[in-house]
Amino acid sequence: MVHKALGHIIPTNSTNHVLLIRPHYFFSNPQTATTNSFQQTFGKASNAKKIHEEAMLEFDNIVKTLNDNGITVSVINGPEGSPDAVFPNNVFSTHSEGITVLYPMNAENRQAELTETLKNYLQHNYQTVKNYRAERDKGERLEGTGSLVLDRLNKVAYAVLSPRTTPKMLEKWGNEMDYSIVPFHALDDAGEDIYHTNVVMFVGTKVAAVCFDAIPNADEKAMVRKNLEENGIEVVDLTQDQLNNFCGNAIEIQTNEKEGVLLMSDTAYEALSQEQKNIFESYYSKIIHVDINTIERHGGGSARCMVAEIYGDRPKIQEKAL
């Protein structure tokens, strides 16, 4: 059954405007390494310059690829000392109700990613700013759409509990944003907590992908599947190996022509089976995949992490240094 007409259906779980942040200097963030098993260190310091240069080429390529596919892209430059600024979806989220949310980050140097330029844009263009950043001082953590995988149409938020996603903060967010929360635990190959939900799964308008092998609790596993299927979403099962190759770290985006597309990395695309690709291609006009291998290996995040969605009819942010 072919579903490509879904790319024209509104509302959807996606937007046609995204924001990316070019890091001032990309390197493996030592403040996040202890909670992110996907992140590799540089090794020799002499490699740092080369890795930064490779990451910047990858960054510019993903921006060009999104633009070439008819997606509105805003780009700003990140602050010094914040290598993970390349993953802005953790710092804030925007919502079609005219709301933007600012989040309490686990690593101190990630708190600095909310620059004045970004903060001013959000405050100017959204009627309501929910600022949870001070919750960090109380020991609470919630890292945007890394912690929260949102089914915006059905107002359901899926969330892996981890040092970066605390139960009390989840409950507070769900109550104030009027979302049902589906919390669960997920473990990596070593039996450690997986740091973000958006590594385990993505949710689109009519299709989702989940690594159920990473969810050890049978009841939680069933709860995730039940919520997705009851909302009419086809579920594609991912293996642990596919999770390790960032297959769960994909995102549905709309083009300016209202075509639905799926964005992921080359690493993720190559790890999918042909059957899985066929399912995704039945729902989307295209699977857009990009080479971001350096950013993945040394940052510990992939394509979805690099994209912050801008909801509502908001002006494009002109690229600028901060």
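Numbering (my numbering), first residue to last: 52 to 373.
Where a beta carbon is used, it is the ideal one built from N, C-alpha and C, also for glycine.
For residue 144, same chain residues with a beta-carbon under 6 Å away, outside a window of 5 residues either side, are 152, 195 and 196 in chain order. The beta carbons of residue 306 and residue 64 sit about 15 Å from each other, so the pair does not count as a contact at 8 Å. Contact annotation: residue 113 and residue 343 have beta-carbon atoms nearer than 8 Å. A contact is defined here as three or more CB-CB pairs under 8 Å, and the region 204-212 fails this definition with respect to the region 167-187. Cβ neighbours of residue 136 within its own chain (closer than 6 Å, five residues either side excluded): 72, 74, 129 and 164. If one requires a minimum length of 4 residues, the alpha helix (DSSP H) runs lying completely within the region 135-168 are 159-162, in chain order. Positions of the beta strand (DSSP E) runs, each at least 3 residues long and wholly inside the region 200-230, are given as 207-211 in order along the chain. The DSSP-derived three-state label of residue 236 is coil. Where residue 272 is concerned, the enclosing alpha helix (DSSP H) starts and stops at 269-281. In this structure the region 221-229 does not touch the region 245-252; the number of beta carbon pairs closer than 8 Å is below three. Between residue 147 and residue 363 a beta carbon distance of about 6 Å is seen, short of the 8 Å cut, so the two are scored as contacting.
Cβ atoms of residue 308 and residue 121 come within 8 Å of each other, at about 6 Å.
For residue 256, the closest of 312, 323, 167 and 339 by C-alpha to C-alpha distance is 312. With 16 or more other CB atoms across the displayed protein chains lying within 10 angstroms of its CB, residue 133 is buried. Cβ-Cβ separation between residue 355 and residue 302: approximately 4 Å, consistent with a contact (criterion under 8 Å).
Secondary structure at residue 318: helix, using DSSP grouped into helix, strand and coil. Looking at the DSSP output, residue 182 bridges to 153.
It is roughly 12 Å from the alpha-carbon of residue 119 to the alpha-carbon of residue 111. Residue 335 and residue 200 have their C-alpha atoms roughly 19 Å apart. The beta carbons of residue 315 and residue 338 sit closer together than 8 Å. The alpha-carbon of residue 155 is positioned some 13 Å away from that of residue 139. Shortest Cα-Cα distance from residue 272 to any of 258, 282 and 288 involves 288.
From the listed residues 267, 223 and 278, the smallest Cα separation to residue 241 is found for 267. Under DSSP, residue 342 takes part in no beta bridge, so it has no partner. Distance from the Cα of residue 319 is smallest, within the candidate group 254, 250, 166 and 115, for 250. DSSP lists 261 as the beta-bridge partner residues of residue 252. CA-CA distance, residue 239 to residue 221, rounds to 22 Å.
Residue 179 is classed as exposed because its beta carbon has fewer than 16 other beta carbons within 10 Å across all chains shown.
Just measuring C-alpha positions, the residue of 202, 177, 223 and 332 sitting nearest residue 186 is 223.
In this structure, residue 69 sits away from residue 260, with a CB-CB distance that is not shorter than 8 Å. The beta carbons of residue 127 and residue 361 sit about 12 Å from each other, so the pair does not count as a contact at 8 Å. The beta carbons of residue 123 and residue 341 sit no closer together than 8 Å.
The C-beta of residue 322 has 16 or more other C-beta atoms within 10 Å across all chains shown, which makes the residue buried.
DSSP places residue 245 in the coil class of the three-state scheme, outside both helix and strand.
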